[in-house]
Amino acid sequence: MGELWLRPVGLRPQAVSISGGVGGNVAEESTTEKSGRGQGSRDENIAIIRELDYSRGHRKIFDGLNLDIPRGRVTAIMGPSGTGKTTLLRLMTGQILPNHGSILLEGSDVCRMGRNELYDTRKRIGMLFQNGALLTDISVYENVAFPLREHTRLPERLIRHIVLTKLHAVGLRGAAELMPAELSGGMARRIALARAIAMDPDLILYDEPFVGLDPISMGVIVRLIRRMNDALGLTSVVVTHDVEEVSSIADRTYLLSDGKVVASGSPEDLQENCSAVVMQFMNGMADGPVPFHYPAPDYSEQLLRRGQE
Amino acid sequence: MRRVLVDVAYAVQEWLETFGASQIFLMRVLAGCPRALLRPGLIVRQVYASGVLSLAIIGISGLFVGMVLALQGYNSLERFGATESLGVVAALALVRELGPVVTALLFAGRAGTALASEIGLMRATDQLSGMEMMAVDPIKRVVVPRFIGGIISMPLLAAIFSAMGILGAWLVGVVLLGVDEGSFWSSMRDQVDYKDDVLSGVLKSFVFGIAASLLAVFEGYNSIPTAEGVSRATTRTVVLTALSVLILNFMLTAVLIGEV
């Protein structure tokens, strides 16, 4: 394969090298290049989160969270299960509203947007859900074509061209006519990725993209995230707790715990961080600041009391 | 005592929240209807799913209801020597009451549960959130076509139910029990009024269609995204639709007859 021209919705034609597809030279492509596209006259950060508070019932998920997403980079948001990583993505896309604070996307506060403005903003965001969230009653081809059919009036020939290009980019052009139920977990996520980039977004959000994948599928997804980011000039936010995989592709990493950012920097910075929370998470220790046991009354007292009843 | 009061207050609050949510939902669905009509392909697909796929259960049920009606009717009319009125008795019962009501109950069991569980599973598997993230309103894209499809299907299914019922009554009455065929059809033609009987049945089935479709899409859309939540939404769809249809039927009958 030489160079492929991606002209999704005529907004931003780009020469993208997709040499050899997923099964070809991609593995040899550099995944450590830290590109900084899209900077220049625009803001350095595509998203800025300030003093974010969010509670679910009596439980405080975020307590004064501050976070910046640099443009053109791959940003990883990590943290133990239940720290609100997926909730943060839902807040960033206006699916839920915070109790307090601001989430600026390209300078506009998501929390203050009306439905139409929010939908216009979402057209510039792609999101990869944990399970792919493919529409199960239509084929792979129709899934990737779905946002194009809903938002554009492109002729069928052009839609077909775009869909096949996106499917080729994720290595699944041959699966175009399959139904979602016929796909493996890794394939479903790659199709969802093709759909997420169909509208040529500026920002793409990945919600636990590596969960439940075999090593080969995981390697493919890891490389695709980095390659898509660099080739299409995107900004990527990867929410995950897979330290090793994300460290190989992230430019910046945030570690969340107790509703706040407890550490940030490059993956190397986090590896060298001596904080107990960071060390526990990065080294996968069972007990530490994040306790092994869920809060409970004293074990012996509880046993004795129950014995008397 | 205080605990009971708190529980009652929570129950009232929950009911008010559900009621408010259902009203907002209804407004959004109604607001989405005009634009949905511009995409007839989506509606036709739902008429097929709700209507065409319900044809077998509706047709067979209608046939047997008509047959039972003829048996019972013949048994009663024979005492008065009025078996030639069997046609009109069966037709009036089917067109005015049994057609719309039984079809609505069967619709709730076949199409209503399918709608609720389909939309509930779409929520549980993030398909609705995925649409939201693609800037596609799931109410307009998923809910409204299914709602309109249900409303279109219901009167058609009720008409097919009544037609099959009349066929069943003819089979039992004329073919099996020997009622005079001429009086069976002529009494029906003379006594069944187009406006008072047929149109009132159509009106009823149209109203039941709105109620059944709205409840199904509402329960599915607002279901808790778990296996238990979807199951509960499906059950609630059948129970609430059955109750609503029976209550609405009384109210509509009272208004249409005008004697209450």
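Top to bottom, those sequences are chains S and Y.
Just so we're aligned, residue 1 is where the first sequence starts under this note's numbering, counting upward by one.
Just so we're aligned, residue 1 is where the second sequence starts under this note's numbering, counting upward by one.
All C-beta atoms, glycine included, are put in the ideal place defined by N, C-alpha and C.
The structure displayed is predicted, hence computed values, not measured ones.
Three-state class that DSSP yields for residue i in the structure shown
{"i": "Ala-93/Y", "result": "helix"}
{"i": "Met-78/S", "result": "strand"}
{"i": "Pro-291/S", "result": "coil"}
{"i": "Thr-253/S", "result": "strand"}
{"i": "Met-187/S", "result": "helix"}
{"i": "Val-237/S", "result": "strand"}
{"i": "Asn-45/S", "result": "strand"}
{"i": "Pro-201/S", "result": "coil"}
{"i": "Leu-135/S", "result": "coil"}
{"i": "Ala-31/Y", "result": "helix"}
{"i": "Val-311/Y", "result": "Limits of chain Y in this structure are 1 at one end and 260 at the other, which puts residue 311/Y out of reach."}
{"i": "Ser-266/S", "result": "coil"}
{"i": "Ser-108/S", "result": "strand"}
{"i": "Pro-155/S", "result": "coil"}
{"i": "Asn-273/S", "result": "coil"}
{"i": "Gln-319/Y", "result": "Since the first residue of chain Y shown is 1 and the last is 260, residue 319/Y is not available in this structure."}
{"i": "Phe-80/Y", "result": "coil"}
{"i": "Val-170/S", "result": "coil"}
{"i": "Glu-150/S", "result": "helix"}
{"i": "Leu-93/S", "result": "One point to set straight first is that residue 93/S is Thr, not Leu, in the sequence displayed. Correct three-state label for Thr-93/S: coil."}
{"i": "Thr-87/S", "result": "helix"}
Residue i classed as buried or exposed, judged by whether at least 16 other C-beta atoms fall within 10 angstroms
{"i": "Val-255/Y", "result": "exposed"}
{"i": "Ala-70/Y", "result": "buried"}
{"i": "Met-27/Y", "result": "exposed"}
{"i": "Phe-250/Y", "result": "exposed"}
{"i": "Met-285/S", "result": "exposed"}
{"i": "Ala-47/S", "result": "buried"}
{"i": "His-241/S", "result": "buried"}
{"i": "Asp-214/S", "result": "exposed"}
{"i": "Leu-199/Y", "result": "exposed"}
{"i": "Ala-276/S", "result": "exposed"}
{"i": "Arg-226/S", "result": "buried"}
{"i": "Met-1/Y", "result": "exposed"}
{"i": "Thr-253/S", "result": "buried"}
{"i": "Pro-297/S", "result": "exposed"}
{"i": "Glu-17/Y", "result": "exposed"}
{"i": "Glu-272/S", "result": "exposed"}
{"i": "Gln-46/Y", "result": "buried"}
{"i": "Ser-85/Y", "result": "buried"}
{"i": "Ser-300/S", "result": "exposed"}
{"i": "Pro-201/S", "result": "buried"}
{"i": "Glu-14/Y", "result": "exposed"}
{"i": "Gln-127/Y", "result": "buried"}
{"i": "Lys-166/S", "result": "buried"}
{"i": "Pro-295/S", "result": "exposed"}
{"i": "Val-143/Y", "result": "buried"}
{"i": "Thr-237/Y", "result": "buried"}
{"i": "Val-175/Y", "result": "exposed"}
{"i": "Tyr-206/S", "result": "buried"}
{"i": "Leu-246/Y", "result": "exposed"}
{"i": "Ile-24/Y", "result": "exposed"}
{"i": "Asn-116/S", "result": "exposed"}
{"i": "Ile-96/S", "result": "exposed"}
{"i": "Tyr-54/S", "result": "buried"}
Counterpart residues of residue i in DSSP-defined beta bridges
{"i": "Phe-62/S", "result": "Tyr-54/S"}
{"i": "Tyr-206/S", "result": "Leu-128/S, Val-238/S"}
{"i": "His-100/S", "result": "Asp-53/S"}
{"i": "Ile-69/S", "result": "Ala-47/S"}
{"i": "Lys-260/S", "result": "Ser-257/S"}
Report the residue ranges of all alpha helix (DSSP H) runs contained in full by the region 202-255 of chain Y; include only those spanning at least 4 residues, in chain order. none
Report yes or no: do the region 164-175 of chain Y and the region 167-183 of chain S share at least 3 C-beta pairs separated by less than 8 Å? no
Contact the region 162-178 of chain S vs the region 103-120 of chain S: 3+ CB pairs below 8 Å: no
At least 3 beta-carbon pairs within less than 8 Å: the region 58-73 of chain Y vs the region 155-165 of chain Y: yes
Inter-stretch contact at 8 Å, needing at least 3 Cβ pairs: the region 180-191 of chain Y / the region 238-247 of chain Y: no
Are at least three pairs of beta-carbons, each pair with one atom in the region 101-109 of chain Y and one in the region 50-58 of chain Y, less than 8 Å apart? yes
Can you find at least 3 beta carbon pairs, one from the region 279-297 of chain S and one from the region 229-240 of chain S, that sit closer than 8 Å? no
At a cut of 8 Å, does the region 219-226 of chain Y reach the region 116-136 of chain Y through at least three beta carbon pairs? yes
Jot down the residue ranges of each uninterrupted alpha helix (DSSP H) in the region 3-68 of chain Y, minimum 4 residues, whole runs only, in chain order. 40-50
Quick check: the region 68-88 of chain S against the region 247-261 of chain S, are at least 3 beta-carbon pairs closer than 8 Å? yes
The region 70-81 of chain Y contacting the region 28-43 of chain Y, beta-carbon criterion three pairs below 8 Å: no
Counting beta carbon pairs with one atom in the region 261-272 of chain S and one in the region 91-105 of chain S, are three or more of them shorter than 8 Å? no
3-residue-minimum beta strand (DSSP E) runs that sit fully inside the region 211-237 of chain S, ordered along the chain: none
Does the region 128-143 of chain S come into contact with the region 127-137 of chain Y, if we say contact requires no fewer than three beta-carbon pairs (one atom in each stretch) closer than 8 Å? yes
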